[in-house]
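One structure is given here, and the rest of the page talks about it.
Protein chains: 2
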Amino acid sequence: MESRNILRFLAISLSVSLVLFFTWVHLPYAPQPNTTTDLLYCSTNSPWCTSKNRFQPINKPSTADNILEKPPNPKHHNHESDTPHHPLDPLTISEINRVRTILKSHALFRSSSPFAFHSVVLEEPDKTLVLQWKKGDSLLPRKAAVVARVAGKSHLLTVDITTGEVAVQETGSRSGYPTMTIEDMTSSTWAPLSNADFNRTIIERGVDLQDLACLPISLGWFGESEENRRLIKEVVEISDKGKGIPIPKAANTDYRYSAQKINPEMMFVNPISIEQPKGPSFTVEDEHLVKWANWEFHLKPDPRAGVIVSRAKVRDPDSGEMRNVMYKGFTSELFVPYMDPTDAWYFKTYMDAGEYGFGLQAMPLDPLNDCPRNAYYMDGVFAAGDGTPYVRSHMVCVFERYAGDIGWRHSESPITGMEIREVRPKVTLVVRMAASVANYDYIVDWEFQTDGLIRIKVGLSGILMVKGTSYVNTNQVPGQQNLYGTLLSENVIGVIHDHYITFYLDMDVDGSDNSFVEVNIKKQKTPPGESPRRSYLKAIRNVAKTEKDAQIQFKLYDPSEFHVVNPMKRTRVGNPVGYKVVPAGTAASLLDHDDPPQKRGAFTNNQIWVTPYNRSEQWAGGLFVYQSQGEDTLAVWSERDRPIENKDIVLWYTLGFHHVPCQEDFPIMPTVSSSFDLKPVNFFESNPILRIPPNVEKDLPVCKPAASA
Amino acid sequence: MESRNILRFLAISLSVSLVLFFTWVHLPYAPQPNTTTDLLYCSTNSPWCTSKNRFQPINKPSTADNILEKPPNPKHHNHESDTPHHPLDPLTISEINRVRTILKSHALFRSSSPFAFHSVVLEEPDKTLVLQWKKGDSLLPRKAAVVARVAGKSHLLTVDITTGEVAVQETGSRSGYPTMTIEDMTSSTWAPLSNADFNRTIIERGVDLQDLACLPISLGWFGESEENRRLIKEVVEISDKGKGIPIPKAANTDYRYSAQKINPEMMFVNPISIEQPKGPSFTVEDEHLVKWANWEFHLKPDPRAGVIVSRAKVRDPDSGEMRNVMYKGFTSELFVPYMDPTDAWYFKTYMDAGEYGFGLQAMPLDPLNDCPRNAYYMDGVFAAGDGTPYVRSHMVCVFERYAGDIGWRHSESPITGMEIREVRPKVTLVVRMAASVANYDYIVDWEFQTDGLIRIKVGLSGILMVKGTSYVNTNQVPGQQNLYGTLLSENVIGVIHDHYITFYLDMDVDGSDNSFVEVNIKKQKTPPGESPRRSYLKAIRNVAKTEKDAQIQFKLYDPSEFHVVNPMKRTRVGNPVGYKVVPAGTAASLLDHDDPPQKRGAFTNNQIWVTPYNRSEQWAGGLFVYQSQGEDTLAVWSERDRPIENKDIVLWYTLGFHHVPCQEDFPIMPTVSSSFDLKPVNFFESNPILRIPPNVEKDLPVCKPAASA
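Listed in order, the protein sequences are those of chains C and G. First residue of the first sequence: 1, per the UniProt record's numbering; consecutive thereafter. First residue of the second sequence: 1, per the UniProt record's numbering; consecutive thereafter.
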């Protein structure tokens, strides 16, 4: 057992290094020549000693960060003079600096003990105050919520930016540690290399240390031996197994376009683009308030959640008023268990938001490829481990989407003699980010439709986490099912895994107090002789009284709709106004509920949960997820079974994927997506998009090929 | 019971007439003034007597059809000189004329008995011959498959177009009748109006006959009393119920753009368009062979299936060869049971392909709205009831789609120090049709991706079939769950219903002989002490030996992948090459298996079936569906449990929707879509799209707003 922990602790496994080896071995670096032996003692040879992990442990990851981020757009926004305009606006550069200054003089940080800031974000004002606030009102008091580690202890602090007051909150007896800082991650990629014994295990495999890369792999939690110590940044023990496994070849694994040989038989497509010569139709007021068509919402990057959508309101087509739909929505947690119980793999059960920071891993988007032309790019302003602010440029994009789809249509049949053919193109607004959590890339879209629907879509791309094997062909494998995955190439296995992405959705349908209604679609038998039909389906409404009524597992043969309604507000003909959550393709976690990873990921035990609003319950896997034991998850909160009828409630939705890799996923995976919808259900009096005009030729752009322009 | 049959036979129910009444009442017709009394005796006052159903029974619906079809594009293709180039090309105008001439002199049609052609389509040559055929070879003998009714009997004929030979096939003891002709449909909208008693029931409701429209509603099958007579075109009995139910008001039900009052507060979007200034990248050779990027397939309109995609092949990125994926794919049948067991509703259990002709109902597409700019439009050439050819213009469109989505991406994390960010935009090719089966509009997309994936998507839009009620508010309703639907507006109920769309997919993965493999994802428990993990998931492959092994119902908590593999062909590392069917959101039929509609729609009892290829088994609900009893369905064929391992097999997939209407669906429904994918799984040696280039600014079009152009 002990050696297993250490292996994880090292955050290095041969399989991991190999996938990186594939992709990095041909990079145009010119490391200084060194003999293999020299490299055994890396500490004297840094920074090159870390080879592909070129950074030494540094105090200012913001610098490292900035190196990488040449803003793709030259008109780069200067954030130094940013000021907040809305109570939910994220902390600005000057506010983060002010927090740092305040804390420097606080007792906790005045000692010589080492400290690090794991999170410095806006402490959002009370929901009631935000709901009352209107543009033009004076801004609510600005506060920062800080998570810091000082002298080996975690602290939760609230810093009043105006008064300088610091409130220290009780962290309680929580297990687990805060999200890793970028410094934690870079250090842990460097730490193993400073250990000569470790380096020897690499060289003995015939791998040049210069071709090695280490990754900071979170280690889950597997029992008492791992408790009460934060395992990171230091080699405790080395496990050296699988030496006989050959190193897979790098051939055909470089995925960069510049490395491709282009087959002349391959037919390419002519330039194609979403064009808006009059520009996009949305505006972004005061940096964060997005207004488009009948929608308005507040949007901000967040280091843990990625993006946060707040105060989403839609215009009623009849009254013209803006009506509340959702107070706040974001990616609360991810859970990615791999399905290999053996030594180097069993612990790979990532929780990317709480362990790595889903927003911290969101790299700058690539204009014209990640987002179409005319996209608006929003930067993130985050704090480094030492509290200094830095800019993650082009982290989020906002764009209008026209995909050739049909919003609604109807043609009359010729038998009626009516010459009616009414068709409306579907144009939507998309908010997108892409987090590259080590090998995997998650693309998260919030798509707003003019009919009031919000589609939340997650795409998976990037690189598979692969495993070494001695096999080069499946005909050598006695029990192929025991490979824990698929042989993707000679000596390379793609290991089976799941992805779960859990969304926090604080629905406020026409007000904060809502109810959750399961509309069960149930077969009814007709009494004999009453109808030629023997059966039909009925929709039976069940209002959830307490949390356990709303712990939902989907069943194809016992289907339901899931409504969040405002029981105090009805349509003209008396239906309660509501929004429903509409699932699409998804997967459910099948792991044992008492399996340690599933205890931590217990928020995936249901596809839907509903909890009463509680500002301390935002992170489905708990506030401190790294090495957590699962006693602070959504599943635990929901077991309290609090009343949820006609209350301010939060809906939690988990989108899942099973991934049995195939050769097409190697060396890079085509995007796989799924989504779910928040859809008005008797929210509007009637179809809200009748007034959307059709396209006509004379309004469309006039375009020329680039060359002839 | 008897009066129920008649009510259905009349194909008129108050609820139906009302929905049409809503939408038609304000149309700019100027019917000749007539007194109400005059109109009671319609036969003397045609054509206006039928009011909104303006056509008399006619012999040439092609005329009626042509009236409606002003080709949207002035450069309308003249089909009179069309000649076939490919063995699967549909019958041309001259071929249909030739068939008609041949049959006129055939014994069956020489008598004075009335006859009608219910289907005149290409009799496709044997699959083996088509597979051997190459461009440049002489065309295979051209034959027509004809379904005709003569003197009250159905006949299946094969007509050799060259030799003039006519073979009469045995229709067997099948129940049911052929697909309605357009003449059947128009006549049955007219027939009730020629009955004074019927007209009196309308007038007694205070409805002006000029505001009435009738629809030809298929009647299902509910027992012996309905057997052995084709119920259509003639009033047998009148059921007159629900007189007290008020007529809903027409206010706010006209969905046409010209009828909308535009709210100035409503913000509209600037022009947005998918632009390709160098034109689209696909070609359509010889009218039907579509070539795009790495794809090639044969495409044709079909009166029953809508569109048929044949001989779909994808280019291997390594060898450059075109590899077979699918021999033939199409919408085989639809099943739309309504969930109201009462008098006027229980029989509404439509099978739109077999009863109405899914292609016959596909109206011309609206350029710029149904399909984006640069779309290519394909016309259908069909035969009318008298055997004359007519053109259904712009029935199918083909276009390239760029939706701002990401084909694949990967950014390196800053901790690695690697400046890598590779992103590829996703461009696809879409084949679209939209069938308006009376009130509902079905949009069917076949979307081809460069990574080898085919997405088959169905969108539902159009008008709800609604029901009258005396209620104007839900607070008047004692048991709301007994409404069989939702109160949408005063006196209007949207009745709960399901939609099932069943696809025929003759997969030929690298050859005709394939196997179906269920890859079951199963929880495994680890033996105590072997791993800190207690459980993980394993992929267990089960090859289906016979048909019953492949009768699949999806289970979220017992999930599987579904592969069609070529067991004789393996990748370099030994995986069988395959395609998998990947479900997304769907619904299952919950009706009793012994309910008469479900017997007829028994092909929806499973989501997946696999049968051995049999050219007579193409229509999941049977060849003759109208009034059929369900003894010729996919469910019956599959019960034979024939061997399917390493055989030429056909995969059947059913996409389902439960629809509990809501106010947003009235008076017109925003499109609701779902889809499933056919996706390569170890078909390619590795990711097939590495060579797709990224977008760069200099290649993109240069566009101006229309006004300034």
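Idealized CB from N, CA, C, for every residue including glycine.
Item	Value
Please report how far the alpha carbon of leucine 634 of chain C lies from the alpha carbon of cysteine 397 of chain G, in whole angstroms.	48 angstroms
Quick one, which of G:His85, G:Val564, G:His593 and G:Lys545 has its alpha-carbon nearest aspartate 286 of chain G's?	G:His85
Could you check if alanine 403 of chain C belongs to the surroundings of the ligand MG, using beta carbon to heavy atom distance under 7 angstroms?	The ligand MG is absent from the structure shown, which contains no ligands of any kind.
What does methionine 339 of chain G reach in chain C if we use C-beta pairs closer than 8 angstroms?	Tyr536, Leu537 and Lys538
Which chain C residues are close to residue 713 of chain G, counting only those with a beta carbon under 7 angstroms from its beta carbon?	For chain G, the structure presents residues 1 to 709; residue 713 of chain G sits outside this window and is missing.
Comparing the C-beta of alanine 706 of chain C with each C-beta of chain G, is any distance below 8 angstroms?	yes
Enumerate in chain order the residues of its own chain whose CB-to-CB distance from asparagine 575 of chain G is below 7 angstroms, with the five nearest sequence positions on each side excluded.	Asn682
State buried or exposed for valine 581 of chain G, treating a residue as buried only when at least 16 other CB atoms are found within 10 Å of its CB.	buried
For tyrosine 350 of chain G, would you say it is in contact with chain C, using Cβ-to-Cβ distances shorter than 8 angstroms as the test?	no
If you measure from the beta carbon of tyrosine 257 of chain G to each beta carbon in chain C, is any gap under 8 angstroms?	yes
Measure the Cβ-Cβ separation of glutamate 353 of chain C and threonine 331 of chain C and say whether it is below 8 angstroms.	Sequence check: residue 353 of chain C is alanine here, not glutamate. Result yes, Cβ atoms of alanine 353 of chain C and threonine 331 of chain C sit closer than 8 angstroms.
Who are the near neighbours of leucine 156 of chain C in its chain, counting only those whose CB is closer than 7 angstroms to its CB and skipping five residues on each side?	Val147, Gln169 and Thr171
Using a Cβ-Cβ cut-off of less than 7 angstroms, list which residues of the stretch 571–595 of chain G approach chain C; keep chain order.	Thr571, Val573, Gly574, Asn575, Pro583, Ala584, Gly585, Ala587, Ala588, Leu590, Leu591, Asp592, Asp594 and Asp595
Quick one: is arginine 424 of chain C near chain G, going by C-beta distance under 8 angstroms?	yes
Per DSSP, what kind of secondary structure is serine 105 of chain G in: helix, strand or coil?	coil
Nearest-angstrom Cα distance between valine 650 of chain C and lysine 704 of chain G?	46 angstroms
Name the DSSP bridge partner or partners of glutamine 210 of chain G?	According to DSSP, glutamine 210 of chain G bridges with nothing at all.
Name, please, each residue of chain G whose Cβ falls closer than 8 angstroms to the Cβ of serine 531 of chain C.	Pro341, Thr342 and Tyr346
In chain G, which residues lie with their C-beta within 7 angstroms of the C-beta of valine 284 of chain C?	Here the premise fails: no neighbours, minimum Cβ distance about 14 angstroms.
Restricting to Cα atoms, I'd like to know which of C:Leu140, C:Ser188 and C:Glu685 is closest to arginine 570 of chain C.	C:Glu685
Quick one: what does DSSP say lysine 127 of chain G is sitting in, helix, strand or coil?	helix
On the CB-based measure, 16 or more other CB atoms within 10 Å of its CB, does serine 239 of chain C come out buried or exposed?	buried
Can you give the beta carbon distance from leucine 678 of chain G to tyrosine 579 of chain G, rounded, assuming they're within the 8 angstroms contact cut?	5 angstroms
With a CB to CB cut of under 6 angstroms and the five nearest residues on each side skipped, what residues in its chain are close to arginine 533 of chain C?	Thr526
Taking only three categories from DSSP, how would you classify proline 680 of chain G?	strand
What's the call for threonine 283 of chain G, buried or exposed, on a 16-neighbour Cβ count within 10 Å?	exposed
Shorter than 8 angstroms from the beta carbon of isoleucine 463 of chain C to some beta carbon of chain G?	yes
So, using beta-carbon positions, are glycine 494 of chain C and valine 466 of chain C closer together than 8 angstroms?	yes
Should the stretch 651–660 of chain C be regarded as contacting the stretch 589–607 of chain C, the criterion being three or more beta carbon pairs within less than 8 angstroms?	yes
Any beta-carbon of chain G closer than 8 angstroms to the one on proline 216 of chain C?	yes
Which residues, in order along the stretch 688–705 of chain G, keep a beta-carbon less than 9 angstroms from a beta-carbon of chain C?	Pro688, Ile689, Leu690, Arg691, Ile692, Pro693, Pro694, Asn695, Val696, Glu697, Lys698, Asp699, Leu700, Pro701, Val702, Cys703, Lys704 and Pro705
I'd like the span of the beta strand (DSSP E) that includes serine 112 of chain C, first residue to last.	Per DSSP, serine 112 of chain C belongs to no beta strand (DSSP E) and is neither H nor E.
Which value, in whole angstroms, describes the spacing of the CA atoms of tyrosine 557 of chain C and serine 560 of chain G?	17 angstroms
In the DSSP assignment, what residue or residues form a beta bridge with aspartate 441 of chain G?	G:Ser436 and G:Ser461
Between the stretch 80–96 of chain C and the stretch 379–390 of chain C, are three or more C-beta pairs nearer than 8 angstroms?	yes
When the distance is taken between beta carbons, is glutamine 598 of chain G closer than 8 angstroms to alanine 539 of chain C?	no
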